[in-house]
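Numbering (our numbering), first residue to last: 102 to 180.
Worksheet for the structure shown next.
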Amino acid sequence: MKVFGYQKDSEILIELQEVTFQSDIKELDKIIKFLLNVKEQHSKVTVKEELCHSHFRDWDIEWQANSTDIIVVTTSNDE
């Protein structure tokens with residue numbers, strides 16, 4: 102697994118060494134549900150070379166523009 106991110110107000114993508122989630126239990130439950138949904142949806146892709154990506158902001162109807170987005174990118178299970 103690799104984790105990437107942007108510094109605030111920057112367009113430069115950097116690989117992160119460590120990620121910290123600061124949230125409450127309700128938000129953590131929401132992230133877990135999102136990841137389970139991503140796992141289910143991305144597992145359905147059968148094209149070997151295809152990358153799938155899902156945004157938390159698209160999944161969470163309560164997401165606010167000033168909130169952090171979580172983007173999950175997966176490759177085929179056959180690799």
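Just so it is clear, CB atoms sit at the ideal spot from N, CA and C, and this is done for glycine as well.
The structure presented is a predicted model; accordingly, all values stated were derived computationally and were not measured.
- According to DSSP, residue 105 shares a beta bridge with 116.
- With fewer than 16 other CB atoms across the displayed protein chains lying within 10 angstroms of its CB, residue 124 is exposed.
- Around the beta carbon of residue 155, 16 or more other beta carbons sit within 10 angstroms, so the residue counts as buried.
- Each residue's CA atom was taken as its position, placing residue 116 and residue 153 some 19 Å apart.
- With a cutoff of 7 Å on beta-carbon distance, residue 177 and residue 140 are scored as not near each other.
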